[in-house]
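Asker: This is the structure I want to talk about, given as structure tokens.
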Amino acid sequence: MKSTSRWHSFTCAVHGMVYTLRTQRNAWIELAAAAVVCVAGIWLGIEPVEWAILGLTVCTILALEAVNSAIEAVVDLVSPDYHELARTAKDAAAGAMVFAVIGSLLVAVAIFGPRLWALVMG
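Heads up: take any position in the sequence shown, counting from 1, add 275, and you land on my numbering.
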């Protein structure tokens with residue numbers, strides 16, 4: 276019988292997170308970018324609400340990376356051979372990541388841009 280305890284659900288979620296970090300190079304790139312963002316936030320003294328926005332943005336990127344990985348795994352399971360619809364599903368999932376990354380860059384520019392501009396301009 277399938278376990279439905281909250282603890283079991285949590286451990287399954289952690290397994291998915293670990294799988295994503297172990298198998299997806301982009302997840303490590305995104306974590307490195309998050310570390311840079313944290314250092315920049317400390318250095319530039321951003322406000323608590325800006326930390327919240329950045330945290331939500333980073334978590335959204337990592338969550339979408341996990342969803343992208345899940346879509347790729349399911350597509351490979353259902354259709355291990357090449358199929359145009361399988362390609363479309365994988366490409367759309369990757370495209371969603373690109374949209375999210377563009378959004379995260381816009382957030383970074385909005386938060387860090389004015390502070391960096393002020394530093395450069397004196």
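The C-beta atom is built at its ideal place from N, Cα and C for all residues, glycine as well.
Check whether the stretch 330-343 and the stretch 293-301 are in contact - that is, three or more C-beta pairs closer than 8 Å.
Answerer: With a cut-off of 8 Å, the stretch 293-301 and the stretch 330-343 count as touching, because enough Cβ pairs lie within range.
Asker: Does SER379 pass the burial test, meaning 16 or more other C-beta atoms within 10 Å, or should it be called exposed?
Answerer: Flag for SER379 reads buried.
Asker: How far does the alpha helix (DSSP H) with SER379 in it reach, from first residue to last?
Answerer: Note, SER379: alpha helix (DSSP H), 359-396.
Asker: If I'm right that ALA383 touches VAL312 with Cβ under 8 Å, what's the distance once you round it to whole angstroms?
Answerer: Between VAL312 and ALA383 the Cβ distance is about 7 Å, and since that is below 8 Å, they are a contact.
Asker: Helix, strand or coil, according to DSSP, for ILE231 in the structure here?
Answerer: Since the first and last residues shown for the chain are 276 and 397, residue 231 lies out of range.
Asker: Within its chain, find whatever has a CB closer than 8 Å to the CB of VAL350; leave out the 5 residues flanking it on each side and keep chain order.
Answerer: Closer than 8 Å at Cβ, skipping near neighbours: ALA361, ALA364 and LYS365.
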